[in-house]
Amino acid sequence: MKKTLLVALLACLTIMFASCKKEKTLNGTTWKTHTTTTQQVGEGALSLTANITFDGTMSFTDATNGSMTLTVSGTVEGMGMSNPIESQSQTRTFTYTFDGEKGTLTGKDHTGAESTLPFTYNKKDNTITASENMVDEETGLSLKVVLVFTEAK
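In structure tokens, the structure reads:
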């Protein structure tokens with residue numbers, strides 16, 4: 465009787481562990497993006513088209529820390545002219561939280577103020593998507609940026 469009970473208990477435990485889906489962890493992973501966005505800025509005769517490319521690498525170094533390097537380049541077109549956007553690259557460290565589907569990156573912006581960027585993980589595509597509205601300090605123009613990162617193998 466004891467053996468039958470033990471075998472039944474082991475069978476139940478095996479089924480329970482086999483049926484549990486493994487939750488995605490980011491610890492030790494690296495993700496890359498190459499995203500191009502095009503957006504109209506301004507109105508009428510002052511309407512410009514911004515074509516901006518974001519190349520980036522996001523690395524999760526442990527269970528709560530990481531870093532991101534992002535290079536931005538592109539062109540602004542309008543009034544019969546095309547002007548390049550000078551390529552700029554920045555690396556920032558961050559802390560993060562992640563529940564298997566959603567998370568937040570928290571770090572310091574270029575002014576030293578703390579900022580938080582939410583992101584989502586798409587299990588089907590194995591991608592991380594983060595979006596943010598960016599405002600150019602010089603012109604006041606805003607640009608919605610959606611970055612989609614794929615896991616680097």
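In our numbering, the protein residues as written are 465 to 617. Glycine included, C-beta positions come from ideal geometry on N, C-alpha and C.
Can you list, in chain order, the residues of its chain whose CB lies under 6 Å from that of residue i, leaving out five sequence neighbours each side?
i      : result
Thr568 : Thr561, Thr580, Pro582
Gly564 : Glu487, Lys488
Lys608 : Asn597
Asp519 : His498, Thr535
Ser606 : Asn597, Val599
Quick one: what's got a C-beta closer than 8 Å to residue i's C-beta in the same chain, skipping five residues either side?
i      : result
Ser531 : Met522, Ser523, Thr525, Thr555, Arg556, Thr557, Phe558
Glu578 : Thr570, Gly571, Lys572
Arg529 : The displayed chain sequence assigns Asn, not Arg, to residue 529. Hits under 8 Å: Thr557, Phe558, Thr559, Tyr560.
Lys566 : Pro582, Phe583, Thr584, Tyr585
Asn547 : Thr539, Val540, Glu541
Measure from the alpha carbon of residue i to the alpha carbon of each residue in the options, then state which is nearest.
i      : options                        : result
His574 : Lys588, Tyr585, Val599, Lys587 : Val599
Leu611 : Gly506, Met543, Thr497, Glu507 : Thr497
Thr517 : Lys587, Gly576, Gln503         : Gln503
In this structure, does DSSP put residue i in helix, strand or coil?
i      : result
Gly542 : strand
Gly576 : coil
Leu510 : helix
Asp519 : strand
Leu534 : strand
Thr614 : strand
Asn547 : strand
Glu601 : coil
Leu490 : coil
Lys588 : coil
Thr500 : strand
Ala527 : coil
Glu596 : strand
Leaving out five residues before and five after residue i in sequence, what residues of the same chain have Cβ atoms less than 7 Å from its Cβ?
i      : result
Asn491 : Phe524, Asp526, Ala527
Leu512 : Val505, Gly506, Val540, Glu541, Gly542
Lys587 : Lys488
Check the C-beta distance from residue i over to residue j and give it rounded, since I have them as a contact under 8 Å.
i      : j      : result
Thr494 : Asn515 : About 27 Å separates the two Cβ atoms, so there is no contact after all.
Count the CB pairs spanning the region 550-562 and the region 526-542 that are closer than 8 Å, and state whether there are at least three. Contact between the region 550-562 and the region 526-542 is established, with three or more Cβ pairs separated by less than 8 Å.
Contact between the region 606-616 and the region 581-597 (3+ Cβ pairs under 8 Å): The region 606-616 makes contact with the region 581-597: 3 or more CB pairs, one atom from each, lie closer than 8 Å.
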